Amino acid sequence: MGDSQYSFSLTTFSPSGKLVQIEHALTAVGSGQTSLGIKAANGVVIATEKKLPSILVDETSVQKIQSLTPNIGVVYSGMGPDFRVLVRKSRKQAEQYHRLYKEPIPVTQLVRETATVMQEFTQSGGVRPFGVSLLVAGFDDKGPQLYQVDPSGSYFSWKASAMGKNVSNAKTFLEKRYTDDMELDDAVHTAILTLKEGFEGQISSKNIEIGIIGADKKFRVLTPGEIDDYLAEVE
Amino acid sequence: MSNSTVDVPLQGGFSFDLCRRNDMLSKKGVNPPSYRKTGTTIVGLIFQDGVILGADTRATEGPIVCDKNCEKIHYMAPNIYCCGAGTAADTEAVTDMVSSQLQLHRYHTGRESRVVTALTLLKKHLFNYQGYVQAALVLGGVDCTGPHLHTIYPHGSTDTLPFATMGSGSLAAMAMFESKYKEGLTKDEGISLVVEAICSGIFNDLGSGSNVDVCVITKGHKEYLRNHLLPNPRTYISSKGYSFPKKTEVLLTKITPLKEKVEIIEAGEAMEE
Numbered sequence: 001m002g003d004s005q006y007s008f009s010l011t012t013f014s015p016s017g018k019l020v021q022i023e024h025a026l027t028a029v030g031s032g033q034t035s036l037g038i039k040a041a042n043g044v045v046i047a048t049e050k051k052l053p054s055i056l057v058d059e060t061s062v063q064k065i066q067s068l069t070p071n072i073g074v075v076y077s078g079m080g081p082d083f084r085v086l087v088r089k090s091r092k093q094a095e096q097y098h099r100l101y102k103e104p105i106p107v108t109q110l111v112r113e114t115a116t117v118m119q120e121f122t123q124s125g126g127v128r129p130f131g132v133s134l135l136v137a138g139f140d141d142k143g144p145q146l147y148q149v150d151p152s153g154s155y156f157s158w159k160a161s162a163m164g165k166n167v168s169n170a171k172t173f174l175e176k177r178y179t180d181d182m183e184l185d186d187a188v189h190t191a192i193l194t195l196k197e198g199f200e201g202q203i204s205s206k207n208i209e210i211g212i213i214g215a216d217k218k219f220r221v222l223t224p225g226e227i228d229d230y231l232a233e234v235e
Numbered sequence: 001m002s003n004s005t006v007d008v009p010l011q012g013g014f015s016f017d018l019c020r021r022n023d024m025l026s027k028k029g030v031n032p033p034s035y036r037k038t039g040t041t042i043v044g045l046i047f048q049d050g051v052i053l054g055a056d057t058r059a060t061e062g063p064i065v066c067d068k069n070c071e072k073i074h075y076m077a078p079n080i081y082c083c084g085a086g087t088a089a090d091t092e093a094v095t096d097m098v099s100s101q102l103q104l105h106r107y108h109t110g111r112e113s114r115v116v117t118a119l120t121l122l123k124k125h126l127f128n129y130q131g132y133v134q135a136a137l138v139l140g141g142v143d144c145t146g147p148h149l150h151t152i153y154p155h156g157s158t159d160t161l162p163f164a165t166m167g168s169g170s171l172a173a174m175a176m177f178e179s180k181y182k183e184g185l186t187k188d189e190g191i192s193l194v195v196e197a198i199c200s201g202i203f204n205d206l207g208s209g210s211n212v213d214v215c216v217i218t219k220g221h222k223e224y225l226r227n228h229l230l231p232n233p234r235t236y237i238s239s240k241g242y243s244f245p246k247k248t249e250v251l252l253t254k255i256t257p258l259k260e261k262v263e264i265i266e267a268g269e270a271m272e273e
């Protein structure tokens with residue numbers, strides 16, 4: 001890559017010192033479907049809306065929440081194809097780390113490496129920044145952790161966070177509802193309620209996706225049956 | 001395109017630059033240092049519910065046993081294991097690398113790994129290195145298409161067999177298999193046949209010895225029986241302890257002076273600074 005016409009970076013500074021492409025990338029994220037994450041005392045939950053463009057789409061083929069390692073999962077808001085590419089790269093980096101050090105990659109390291117990739121795409125020739133923000137949920141020796149990674153490559157650790165369309169309402173809701181000593185089950189209920197806040201139409205196990213990781217350090221996506229159970233409890 | 005800031009070891013593999021020089025040196029009688037080989041007896045067989053793999057546990061460095069209890073059955077995937085004979089570093093590195101590739105593949109497909117996938121990844125790698133990666137492998141596992149057992153030779157050729165042996169003790173082990181193997185063995189019959197074959201290798205081949213490792217893989221379940229049999233126990237210390245006399249006995253004392261005085265020789269000229 002690096003045709004002579006595009007060997008310069010497409011992301012250049014504006015006179016005010018901003019990187020306009022990244023601002024636009026964040027706008028792309030802001031118009032994506034809502035996703036959120038909550039860190040509980042004994043685990044982490046991440047959830048997202050799964051609005052499909054038509055009822056004809058087979059919803060079982062769409063998986064927005066992916067696992068990067070057995071104990072780290074990720075969800076996004078923004079452009080799906082960009083997310084796929086990042087997931088592929090992150091999985092490879094996690095495996096390389098494991099090959100080299102024979103230990104499962106710590107959550108902070110994986111987040112840092114993913115963020116590094118995202119930053120590279122803001123400073124290389126002929127490429128554009130990724131149009132996704134990621135919420136990475138993991139459980140390692142340091143306990144449960146939740147990180148948000150932005151298109152610029154910056155990352156933050158959150159107790160609870162939301163991204164996408166309904167971000168301001170969702171964050172206000174989370175600020176009110178969040179407690180430090182929440183259990184994982186409570187966190188799932190809170191996540192569902194937060195999604196419900198800005199949901200257009202009827203919420204059901206077919207149009208949301210929830211991933212959890214508990215003290216067993218195994219990340220998994222809840223089955224539609226389990227989501228139905230939680231929804232029933234919330235009602 | 002993008003600068004990698006992640007420090008990973010150089011990819012691109014074996015550098016053949018020094019091979020000609022090494023050849024020339026060995027013709028002149030200077031041989032490269034010998035490396036750790038596993039000598040080995042490794043076996044595998046298919047029984048009615050799946051696959052059983054077996055291996056001895058001796059690693060040799062020329063005529064010396066350098067590891068009396070090494071692990072020759074390597075993990076590839078939850079449902080696939082691989083025994084390795086040949087150069088220990090080669091078998092470990094190659095199985096580790098393919099195991100990593102299989103893990104990535106599992107993430108991308110969301111499915112259990114197939115034995116033929118592991119087989120193809122291994123043989124491609126070995127063929128690429130034209131036999132310089134000296135790893136002779138017995139690969140076995142159970143996937144959605146059933147139980148499979150393969151042997152892979154260092155140059156990259158493979159066989160698919162109902163029972164297989166590799167390594168320096170392969171003839172001894174194959175003798176046991178050829179006379180006693182039949183289709184539809186039960187798990188216990190299979191394990192005892194594998195143990196017999198490995199023991200035959202352990203006792204009749206110099207490059208194999210110590211203990212027997214067994215791995216049983218069935219659909220959805222695996223049992224890794226490390227040191228299933230220890231036919232060569234080592235008695236380390238006598239339980240009573242050893243008692244040596246405290247000191248040597250003095251029989252006779254005689255002192256002979258060497259010279260009464262010391263002679264002084266006239267000093268020569270002082271050294272010039």
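One line per chain: the protein sequences are R and B, in this order.
For what it's worth, full-length UniProt numbering labels the leading residue of the first sequence as 1, then goes sequentially.
For what it's worth, full-length UniProt numbering labels the leading residue of the second sequence as 1, then goes sequentially.
The beta-carbon is built from N, C-alpha and C at its ideal position, and this holds for glycine as well.
Predicted model only: the values in this text are computed from it and were never measured.
Straight-line spacing of the CA atoms in R/SER154 and B/GLU92 works out to 38 Å.
Considering only B/THR256, B/LYS180 and B/LEU229, the residue with the shortest C-alpha distance to B/ASN69 is B/LEU229.
In the structure shown, R/LYS176 adopts helical secondary structure according to DSSP, grouped into three states. Contact note: B/LEU104 reaches chain R through ARG91, LYS92 and GLU95, using a C-beta cutoff of 8 Å and chain order. Judged by their CB atoms, R/SER77 and R/GLN33 are nearer to each other than the 8 Å cut-off. Taking a contact to require three or more Cβ pairs closer than 8 Å, the segment 129–139 of chain R and the segment 174–182 of chain R do not qualify as touching.
Contact between the segment 83–97 of chain B and the segment 238–248 of chain B is absent: fewer than 3 CB-CB pairs across the two stretches fall below 8 Å.
Interface annotation, R/ARG99: in contact with chain B, CB-CB separation under 8 Å. DSSP assignment within the segment 29–78 of chain R yields the following whole beta strand (DSSP E) runs of 3 residues or more, N-terminal first: 35–40, 43–49, 66–69 and 72–78. Straight through space, the alpha carbons of B/PHE177 and B/ILE217 are spaced by roughly 19 Å. The segment 199–208 of chain R makes contact with the segment 38–56 of chain R; the number of CB pairs closer than 8 Å reaches 3 or more. Three or more Cβ pairs drawn from the segment 51–66 of chain B and the segment 205–217 of chain B lie within less than 8 Å of each other, which places the two stretches in contact.
DSSP places R/LYS18 in no alpha helix (DSSP H); its state is neither H nor E. A straight-line Cα-Cα distance of about 7 Å links B/LEU121 and B/VAL98. A check of alpha carbon separations from R/ALA47 across R/LYS64, R/LEU68, R/SER31 and R/PRO104 identifies R/LYS64 as the nearest.
In the DSSP annotation of this structure, the continuous segment of the alpha helix (DSSP H) that includes R/ARG99 starts and ends at 80–101. Going by C-alpha positions, R/GLY225 is about 46 Å away from B/ALA164. Residue contact check for B/ASP188 against chain R: no CB pair falls below 8 Å. Spatial neighbours of B/VAL194 in its own chain (CB-CB distance under 7 Å, excluding positions within 5 residues in sequence) are listed in chain order as VAL43, LEU45, ILE52, GLY54 and VAL214. By a beta-carbon distance limit of 8 Å, R/ARG91 contacts B/TYR107. Their separation comes to about 5 Å. In this structure, R/ILE203 is the residue among R/ASP216, R/LYS218, R/ALA215 and R/ILE203 with its C-alpha nearest to the C-alpha of R/GLU235.
Along the segment 75–93 of chain B, none of the residues has a CB nearer than 9 Å to a CB of chain R. Separation of B/ARG21 and B/GLN130 (C-alpha to C-alpha, rounded to the nearest whole angstrom) is 18 Å. By the criterion of a C-beta distance shorter than 8 Å, R/TYR230 is surrounded in its chain by VAL188, HIS189, ILE192, ILE210 and LEU222, once the five residues flanking it on both sides are discounted.
Counting other Cβ atoms within 10 Å of its Cβ, B/CYS199 reaches 16 or more and is therefore classed as buried. Chain R has no Cβ within less than 8 Å of the Cβ of B/ASP159. DSSP places B/GLU223 within a strand segment (E or B) once states are collapsed to three.
In this structure, B/THR41 sits away from B/ILE152, with a CB-CB distance that is not shorter than 8 Å.
B/TYR107 has a beta carbon lying within less than 8 Å of a beta carbon in chain R. Within chain R, the C-beta atoms nearer than 9 Å to that of B/SER100 come from GLU95, GLN96, HIS98 and ARG99, in chain order.
If you ignore the 5 residues before and after R/VAL149, its C-beta comes within less than 7 Å of the C-beta of VAL111, THR114, ALA115, MET118, SER133, LEU134, VAL136 and TYR155, all in its own chain and listed in chain order. DSSP places B/MET174 within a helical segment (H, G or I) once states are collapsed to three.
One alpha carbon belongs to B/GLY140, the other to B/CYS66, and they sit about 27 Å apart.
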